[in-house]
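Trainee:
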Amino acid sequence: MAILPILVAPHPVLKAKAAPVETVDDGVRALMDDMLETMYAAPGIGLAAPQVGVSRRIVVLDVAGKDEPPAPMCLVNPEVIWESEDLNTYEEGCLSVPKQYAEVERPAQVKVRFLDREGAKREIEADGILATCVQHEIDHLDGTLFIDYLSALKRNMILRKVKKEQQRADD
Numbered sequence: 001m002a003i004l005p006i007l008v009a010p011h012p013v014l015k016a017k018a019a020p021v022e023t024v025d026d027g028v029r030a031l032m033d034d035m036l037e038t039m040y041a042a043p044g045i046g047l048a049a050p051q052v053g054v055s056r057r058i059v060v061l062d063v064a065g066k067d068e069p070p071a072p073m074c075l076v077n078p079e080v081i082w083e084s085e086d087l088n089t090y091e092e093g094c095l096s097v098p099k100q101y102a103e104v105e106r107p108a109q110v111k112v113r114f115l116d117r118e119g120a121k122r123e124i125e126a127d128g129i130l131a132t133c134v135q136h137e138i139d140h141l142d143g144t145l146f147i148d149y150l151s152a153l154k155r156n157m158i159l160r161k162v163k164k165e166q167q168r169a170d171d
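Mind the numbering: the sequence shown is residues 1 to 171 in this note's numbering, read in order.
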């Protein structure tokens, strides 16, 4: 396993639609293991393959609380097949938009269809932080960042802060 570099906005891979995975094989499982290690090291609760420069429809996440055992989830080709009319607002952040947070409104509950680590078809119903996290990560697969839900003014302010922070880190 390896910790992978995380791309930072406005990297073009983050804005591209990711390709579906044809077969869940050992290469895909190795990537998911590396993504989990990268996510935990960051630390974060979700990571999509485009964030590590791989434009494929793969997501890992773990929304277990601090005092709970890890509960990693690996989703291949995830798609929302149902969403509630009720909405929730959470303050979201993103490993590809470091140290920036904003409130985003999303459906409160979703049903998601995906392939698991073995390539088996699965469905989950999610609410709370899991619903928010899975929607956030699926957005990455479609080239959407949480800041795309904000006004142009707020989005540009955040991107300027990220760019300034990156320049400081590079110096």
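Quick reminder that beta carbons are idealized off the backbone N, C-alpha and C, glycines included.
Judging by CA-CA distance, which residue of 153, 12, 137 and 144 is the nearest neighbour of residue 76?
Mentor: 137
Trainee: Could you name the residues that DSSP lists as bridge partners for residue 106?
Mentor: 88
Trainee: Measure the alpha-carbon distance for residue 107 versus residue 146 and round it to whole angstroms.
Mentor: 14 Å
Trainee: Cutting at 7 Å between CB atoms, please list the residues of its own chain near residue 203, excluding the five before and the five after it.
Mentor: The requested residue 203 does not occur in the structure, where the chain is confined to residues 1 to 171.
Trainee: Does DSSP put residue 65 in a helix, a strand or coil?
Mentor: coil
Trainee: Skipping 5 residues on each side, what residues in its chain have a beta carbon closer than 6 Å to that of residue 125?
Mentor: 111
Trainee: Taking the alpha carbon of residue 133 as the reference point, which residue from 82, 59 and 12 has its own alpha carbon closest?
Mentor: 59
Trainee: In the DSSP assignment, find the unbroken alpha helix (DSSP H) run with residue 121 in it and report its ends.
Mentor: Unbroken run through residue 121 is the beta strand (DSSP E), 121-127; no alpha helix (DSSP H).
Trainee: What residue range is occupied by the uninterrupted beta strand (DSSP E) comprising residue 76?
Mentor: Residue 76 -> beta strand (DSSP E) spans 73-83.
Trainee: Report the residue from 2, 3, 7 and 1 whose alpha carbon sits nearest the alpha carbon of residue 166.
Mentor: The option with the nearest alpha carbon to residue 166 is 7.
Trainee: Spatial neighbours of residue 161 within its chain, please: CB distance less than 7 Å, with the 5 preceding and 5 following residues excluded, ordered by chain position.
Mentor: Closer than 7 Å at the Cβ level, and outside the excluded window around residue 161, lie 100.
Trainee: On a CA-only basis, which of 73, 5, 64 and 68 is nearest residue 32? Give me that one, please.
Mentor: The shortest C-alpha separation from residue 32 is found at 73.
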